[in-house]
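These notes are about the structure you will find just below.
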């Protein structure tokens with residue numbers, strides 16, 4: 225796609241945007257024409273059909289006796305939706321043809337916004353954080369534009385997560401990207417970082433649309449364009465890349481639909497969004513913990529730990545923290561108590577490894593599914609050199625590695641299988657040889673564009 229490549233923005237291109245795929249029927253090369261956002265296939269599939277409840281903006285009469293449960297649920301849902309609408313402050317520019325086209329396009333297929341389960345999981349949390357800062361409510365919908373609220377979303381430009389941070393911007397705002405975690409996928413940390421950045425951009429440009437353009441295109445690019453257009457220029461007065469124009473138009477269109485879906489004939493899946501419906505809570509772990517041991521303590525499946533904590537790459541939390549996990553909101557108090565009761569000796573298992581002739585620290589790290597850097601730190605090694613007969617303290621997984629969902633999660637549907645990575649393998653080559661979509665293979669195995677395949681690594685596959 226021929227768009228200007230950003231040099232200092234979060235991510236220039238919405239997740240894996242592919243021109244000509246799943247675009248509106250009347251799509252042309254017009255810069256204002258909507259283009260769909262393609263994201264990696266989800267591990268499990270759920271319906272994205274809109275519920276049959278009355279469209280938002282219409283009210284139902286509540287029976288006097290007995291109370292009608294669906295109406296009560298809708299009344300609760302309207303509390304959240306009304307608060308979201310009341311927080312909107314931007315002009316949605318409905319007179320712009322590009323915005324109108326986006327509205328028409330999405331109104332026909334509201335499932336294009338985001339999967340219903342992601343709306344329920346993440347939108348209330350994002351909204352609470354936006355409201356706490358007094359920012360315009362339209363910002364709540366920005367991760368829908370960026371990633372369709374998918375923490376595993378990635379772009380060909382290297383942007384990752386709900387807010388599509390590229391590595392340089394992630395580092396600037398304190399998000400770790402290492403062997404243990406990719407905090408661009410951490411819903412809590414990435415949301416704080418994104419809102420910090422947006423506030424910084426607004427302080428710099430004094431205009432929310434310019435701040436949004438800078439978030440997408442890069443603050444340096446916007447500054448240079450403004451310097452040529454005069455001190456009073458607004459977003460619609462400057463020339464921006466086609467993708468950035470579409471990015472802002474799309475957010476305005478989504479906001480207009482959320483504000484009044486009935487006006488545009490859209491039905492949105494809000495029936496479970498209550499006034500206090502943040503789906504998860506943050507609980508402290510008290511230090512690094514094996515995820516399988518945490519799952520046992522919490523009485524949940526290991527896959528649930530990974531699903532609620534998408535930043536985690538390995539079998540344990542990060543040794544340097546943050547020492548916490550996201551859990552279901554309704555289990556917050558019991559989860560905190562359960563994690564606190566894990567004995568120190570069971571939080572992370574250790575074994576003593578004797579170095580044999582010809583063995584390298586890299587080979588030892590690979591065998592124990594840990595990192596060279598962490599082995600150095602745990603054993604006080606000044607370099608990567610080890611000698612035959614040395615004894616190393618190495619972490620051991622609480623359960624056999626095949627139990628860890630990160631390493632053996634199947635694709636949705638079909639029969640699951642495994643592929644063992646061989647020397648010289650690449651994700652592209654594996655996907656091609658197996659007749660799979662690269663994005664689906666990466667999403668099913670939670671592999672990002674910068675992750676390195678390791679010889680012997682097992683990838684989940686299905687046909």
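In the working numbering, the protein residues as written are 225 to 687.
Each residue gets a CB set at the ideal place from its N, CA and C atoms; glycine is no exception.
Bridge-paired residues (DSSP) for residue 401: Per DSSP, 406.
Find out if the Cβ-Cβ distance for the pair residue 518, residue 550 is shorter than 8 Å. no
Since residue 482 is in the alpha helix (DSSP H), which residue starts that stretch and which ends it? 466-483
Residue ranges of each alpha helix (DSSP H) run of no fewer than 4 residues wholly in the region 555-587, ordered along the chain? 556-564 and 568-571
Reducing DSSP to helix, strand and coil, say where residue 668 ends up. In this structure, residue 668 counts as helix in the three-state DSSP scheme.
The alpha helix (DSSP H) spanning residue 371 covers which residue range? 366-371
Range of the contiguous alpha helix (DSSP H) that encloses residue 426: 411-429
Does the region 425-437 come close enough to the region 457-465 to have 3 or more Cβ pairs within less than 8 Å? Flag = yes, the region 425-437 and the region 457-465 touch.
What are the boundary residues of the alpha helix (DSSP H) that includes residue 657? 651-658
Helix, strand or coil, according to DSSP, for residue 339 in the structure here? coil
Whole-angstrom C-beta distance between residue 535 and residue 407, which should lie under 8 Å: 5 Å
Is it right to say residue 635 is buried, meaning 16 or more other beta carbons lie within 10 angstroms of its own, or is it exposed? With a pLDDT of 31 at residue 635, under the threshold of 50, the modelled position of that residue is not reliable, and the figure given next carries that caveat. Residue 635 comes out buried.
Is there at least one Cβ from chain B nearer than 8 Å to residue 537's Cβ? The displayed structure is made up of one protein chain only, and chain B is not part of it.
Output the boundary residues of the alpha helix (DSSP H) element that contains residue 450. 443-453
Does residue 462 come out as helix, strand or coil in the three-state DSSP assignment? coil
8 Å contact criterion, which residue 509 and residue 541 should meet: CB distance rounded: 6 Å
Any contact of the region 472-483 with the region 318-328, i.e. 3+ C-beta pairs under 8 Å? As far as the Cβ criterion goes, the region 472-483 touches the region 318-328, which means the pair count is three or higher.
Classification of residue 358 by the beta-carbon crowding that lies within 10 angstroms, buried from 16 upward: exposed
Leaving out five residues before and five after residue 594 in sequence, what residues of the same chain have Cβ atoms less than 6 Å from its Cβ? 619
Could you tell me the distance, in whole angstroms, from the CA atom of residue 658 to the CA atom of residue 322? 40 Å
Classify residue 613 as helix, strand or coil using the three-state DSSP reduction. coil
How far does the alpha helix (DSSP H) with residue 330 in it reach, from first residue to last? 321-332
Nearest-angstrom Cα distance between residue 440 and residue 413? 19 Å
Contact between the region 376-385 and the region 337-354 (3+ Cβ pairs under 8 Å): no
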